[in-house]
Amino acid sequence: MSDHDSTGWPEIALVGDLTENQSQLVASLLEVPPGGECVLYFDSLGGSPYCAIALTSLILLRGLRATGIVAGECSSAALWPFAACTRRLVTPYSVLLFHPMKWQSEENVGLAEAAEWARHFSRLEADMDRLLADLFQVSAEKLRAWTNPGRYVSGTELVEAGLAELVELKPLDWLRRKRRK
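Letter by letter, the sequence shown follows residues 3 to 183 in our numbering.
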């Protein structure tokens, strides 16, 4: 899951359902020294909101200077760790899906448990929306416009909103030269 690029920074691929790969992703992030640099490549449809919070928390609490690159898709729960990156790069072909959280439960859930889950879910959704807006440093209104009812945002649109840098599909030697301090 993790490798090193020509700069010596670990490269970590966040691909597919994050929840299915969570233990590998956590282990890869923990291999990066606190305050260290790494490159995260995104091609993910998302996963559990709890997985999104766990990965985002590791990036932020460990002070990782992550460069996030959307190589394909960065949707749903994958948006949080991408937003936590200190540098965010997209291509003209990158796609990001913003949508309201979806929830499901087991078939045999009691009424009291379902009511508690609904209360918790409402709070969780509001907290996560606020966190995503803070990480992207964008207004809640802008985020809401993309999230409700759900919108695919292109890499170019994300750049126009000031939330990422646009890169061409060229070799990664540009990463070393253009690294922000």
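Heads up, the beta-carbon is just placed ideally off N, CA and C, and yes, glycines get one too.
**Report entry** Segments assigned beta strand (DSSP E), at least 3 residues, entirely inside the segment 119-165
**Finding:** Correct list: 153-156.
Query raised in the report: Taking buried to mean at least 16 other C-beta atoms within 10 Å of its own C-beta, is residue 180 buried or exposed?
Result: Residue numbering aside, residue 180 sits at position 178 when the sequence shown is read from its first letter. Confidence in residue 180 is poor, its pLDDT being 49 and thus under 50, which makes the residue's placement too unreliable to answer from.
Report task. Please look up how many angstroms separate the CB atoms of residue 137 and residue 85, rounded, as I've assumed it's under 8 Å. Result -> Position 135 of the sequence shown, counted from the start, is the residue given in the question as residue 137. Position 83 of the sequence shown, counted from the start, is the residue given in the question as residue 85. Yes, they are in contact, since the Cβ atoms of residue 137 and residue 85 sit about 4 Å apart, within 8 Å.
Query raised in the report: To which residues of the same chain is residue 131 closer than 8 Å at the C-beta, ignoring the five residues directly before and after it?
Result: For the purposes of this step, residue 131 is identified with residue 129 of the sequence shown, where counting begins at 1. Counting only Cβ-Cβ distances below 8 Å, and skipping sequence neighbours, we find 142, 145, 146 and 149.
**Report entry** DSSP bridge partner residues for residue 68 (one or two, in chain order)
**Finding:** As a position in the sequence shown, residue 68 is number 66, starting the count at 1. Residue 68 is bridged to 40.
Report task. For the segment 114-133 and the segment 162-174, state whether three or more C-beta atom pairs, one from each stretch, are separated by less than 8 Å. Result -> Segments in contact, no.
Query - Segment limits, alpha helix (DSSP H) that includes residue 29 - result: Indexing the sequence shown from 1 puts residue 29 at position 27. Taken as a continuous stretch (DSSP letters only), the alpha helix (DSSP H) holding residue 29 covers 24-33.
Query - 9 Å Cβ cutoff met for residue 42 and residue 69 - result: One-based indexing of the sequence shown puts residue 42 at position 40. One-based indexing of the sequence shown puts residue 69 at position 67. Their beta carbons are under 9 Å apart, which means residue 42 touches residue 69 by this criterion.
**Report entry** As assigned by DSSP and simplified to three states, the class of residue 47
**Finding:** Position 45 of the sequence shown, counted from the first residue, corresponds to residue 47. In the structure shown, residue 47 sits in a strand (DSSP, three-state: E or B).
Query - Residue from 49, 65, 30 and 159 whose Cα sits closest to the Cα of residue 81 - result: Against the sequence shown, residue 81 aligns to sequence position 79. Ranking 49, 65, 30 and 159 by Cα distance to residue 81 puts 49 first.
**Report entry** Simplified DSSP assignment, three categories, for residue 12
**Finding:** Locating residue 12 in the sequence shown gives position 10, counting from the first residue. Note: residue 12 maps to strand in three-state DSSP.
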